[in-house]
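Count along the sequence shown from 1, then add 1280; that gives the number in the numbering used here.
Data block below; observations after.
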Amino acid sequence: MTQLHLLTTGQQGWETLEHTLPELAMRVDRIHLREPLWSARELVTCIEFLMKRGVPAERLIVHDRLDVALVTGIGIQLTTRSIPVDRVRSRFPELRIGQSVHSLTEAAAAEQAGADYVMYGHIFETGSKPGVPPRGLHALKQIVEQVSIPVIAIGGIKPGNVQEVVATGCSGVAVLSGILGQANSLKAADRFREVMQR
1281 MTQLHLLTTG
1291 QQGWETLEHT
1301 LPELAMRVDR
1311 IHLREPLWSA
1321 RELVTCIEFL
1331 MKRGVPAERL
1341 IVHDRLDVAL
1351 VTGIGIQLTT
1361 RSIPVDRVRS
1371 RFPELRIGQS
1381 VHSLTEAAAA
1391 EQAGADYVMY
1401 GHIFETGSKP
1411 GVPPRGLHAL
1421 KQIVEQVSIP
1431 VIAIGGIKPG
1441 NVQEVVATGC
1451 SGVAVLSGIL
1461 GQANSLKAAD
1471 RFREVMQR
C-alpha cells in the first residue's frame, strides 16, 4: 500500500505540534521533522517526546541533521545541501537514508550512492515553490520505472489529485500544508488515507 508521509512545515511552534503529532502519527506512515530553525536539542526533545508517546523510531525521520538521527536512532532525509549519501552510508551503514531529488539523474545517483529511498518533486504547483514549474506526473512515473528503490512524491499533493499520483506506482506521497496547514489536521490526514485506499 502507498505510504503517507507527513512533513512538518517549519511554521508551527512546538506548542502546536506537541498536541497534534502524536495523534497524526497514528494516521500516517512516516513523520518527517523538517525544522531548519530548531536547535539539535529542540529536535531531540521533540523526538524523545514522540517516542514516549508511543511513536516507533522507524516512523520518524529528521531532515539534514545527521547528529540528531544518530543520537535518537531515527532515519535521515538528506538534501542537496546535506552531507552526500555515500559519505553517510560508508560511515553509518545501518542508518535509514532518504535523498531529496529533482531529476531522474539525481534519483539514479542517489540509488547508486546507497540511499534507501528518494523523495521527488515538486509534482504539482505549490505555494512553497512560487514561480518554479512543477515536474509533473509523467516525470514521476519515469523515475518510478527507472530506479529500483522506493520513490516518495512531494509537492502540491491534495486529496483531489493523490489518486493520480498513486497511479504512477510511487511508493508514497509526502504532504505538508495539505495536512498541517488545514484547520483540522487530523481530519485532513484521515481524508488523505480514505482517498488513497480507494
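Where a beta carbon is used, it is the ideal one built from N, C-alpha and C, also for glycine.
Is the beta carbon of E1444 less than 9 Å from the beta carbon of L1417? Working through the sequence shown from its first residue, we reach residue 1444 at position 164. Working through the sequence shown from its first residue, we reach residue 1417 at position 137. Yes, the pair counts as a contact, with Cβ atoms nearer than the cut-off.
Look at the Cβ atom of V1365, then the Cβ atom of I1377, and state whether they are nearer than 9 Å. To locate residue 1365, count along the sequence shown from 1; it is residue 85. To locate residue 1377, count along the sequence shown from 1; it is residue 97. Yes; because the gap between Cβ atoms is below 9 Å, this pair is in contact.
Measuring alpha carbon to alpha carbon, tell me which of D1344, L1301, R1307 and L1346 ends up nearest F1329. Here residue 1329 corresponds to residue number 49 of the sequence shown, with the count starting at 1. Per the Cα distances, L1301.
Any idea if E1405 is buried or exposed, counting beta-carbon neighbours within 10 angstroms, 16 or more meaning buried? As a position in the sequence shown, residue 1405 is number 125, starting the count at 1. Exposed: under 16 other Cβ atoms inside 10 Å.
Evaluate contact between the stretch 1389-1409 and the stretch 1323-1341, counting only Cβ atoms and requiring at least three cross-stretch pairs below 8 Å. no
In this structure, does DSSP put M1281 in helix, strand or coil? On the sequence shown, position 1 is the one that residue 1281 refers to. Correct three-state label for M1281: coil.
Distance, Q1426 Cα to T1385 Cα: Residue mapping note: residue 1385 aligns to position 105 of the sequence shown, counting from 1. Residue mapping note: residue 1426 aligns to position 146 of the sequence shown, counting from 1. So the alpha carbons of these two residues sit roughly 10 Å apart.
Length-filtered (4 minimum) alpha helix (DSSP H) runs lying within the stretch 1393-1428: 1416-1426
When we look at the beta-carbon of L1317 and count the other beta-carbons within 10 Å, is it buried (16 or more) or exposed? For the purposes of this step, residue 1317 is taken as residue 37 along the sequence shown, with counting starting at 1. So L1317 ends up on the exposed side.
Label A1447 either buried or exposed according to how many other C-beta atoms from any shown protein chain fall within 10 Å of its C-beta, with 16 as the threshold for buried. Locating residue 1447 in the sequence shown gives position 167, counting from the first residue. Exposed, by the Cβ-count rule.
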